[in-house]
Amino acid sequence: MARFFNVITQLWQGQFITRKEFEERMRITQEQIDEKVAALNEAVGTLSTEVDAADGHVADLESEIVALKEQQASGAEIDLSGLDKIVANLRGASERLKSATGSLQDAVPPQPVADDGVTSAPPADGTSTTDETDASATVEAAPAASDETGATASGE
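Here you go:
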């Protein structure tokens with residue numbers, strides 16, 4: 002019953018699309034999938050490299066701390082210049098990690114989620130609709146709104 006009222010509301014608001022339109026919007030080609038996988042692999046590789054570099058900087062910091070503790074225990078003057086270099090390296094690694102994480106997020110943009118928790122894909126042509134989350138619910142009810150010729154309530 003809720004679907005019926007959803008369809009009526011969408012018809013009233015002019016948001017109704019045909020099954021054909023919905024299928025066109027949902028179509029993802031193998032080429033698009035391959036492009037996304039390649040972008041993901043590249044972003045993951047970059048992220049992995051930056052994590053390894055950050056691990057190296059942390060190891061440098063640990064060894065510098067050990068050296069400073071030894072200097073302190075022996076009563077010698079403590080030289081902190083090594084820490085400044087390590088901190089600069091860690092800050093650089095942090096920025097590169099943020100950039101790599103952003104690249105990973107760009108490779109797979111978040112998909113809009115409908116109120117019922119169903120993920121709705123954007124149109125295949127890259128255009129936007131007024132309310133993409135209602136498109137999947139509309140199409141489920143579309144066959145009931147079509148006549149024997151296959152024409153739907155929107156005239157297609």
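Numbering of the sequence shown is given in my numbering, commencing with residue 2 and proceeding in unit increments. Even glycine gets a Cβ: it sits at the ideal position worked out from N, Cα and C.
{"Asked": "Identify whether Val8 lies in helix, strand or coil by the three-state DSSP scheme.", "Found": "helix"}
{"Asked": "Comparing alpha-carbon positions, which option in Leu91, Glu25, Asp107 and Ala74 lies nearest Asp53?", "Found": "Leu91"}
{"Asked": "Ordered along the chain, which non-local residues of its own chain (more than five positions away) have a Cβ less than 6 Å from that of Gly83?", "Found": "Glu65"}
{"Asked": "Report the rounded CA-to-CA distance for Ala68 versus Leu105, giving the unit in angstroms.", "Found": "38 Å"}
{"Asked": "What's the C-alpha gap between Glu96 and Asn7?", "Found": "47 Å"}
{"Asked": "Over what stretch of residues does the alpha helix (DSSP H) that includes Ala94 continue unbroken?", "Found": "Ser82 to Ala108"}
{"Asked": "Given this structure, state the Cα-to-Cα distance separating Ala55 from Thr47, to the nearest angstrom.", "Found": "12 Å"}
{"Asked": "Just curious, the alpha helix (DSSP H) that Phe23 is in, first and last residue?", "Found": "Arg20 to Met27"}
{"Asked": "Around the C-beta of Ala74, are 16 or more other C-beta atoms found within 10 angstroms, so that it is buried, or is it exposed?", "Found": "exposed"}
{"Asked": "Within the same chain, show all residues whose beta-carbon is closer than 8 Å to that of Thr102, passing over the 5 residues directly before and after it, in chain order.", "Found": "Leu48"}
{"Asked": "When you compare only the Cα positions, how much space is there between Gln14 and Lys21?", "Found": "20 Å"}
{"Asked": "Since Ala1 and Glu63 are thought to touch, with beta carbons under 8 Å apart, how far apart are those beta carbons, to the nearest angstrom?", "Found": "Any answer about residue 1 is impossible in this case: the structure gives the chain only from 2 up to 157."}
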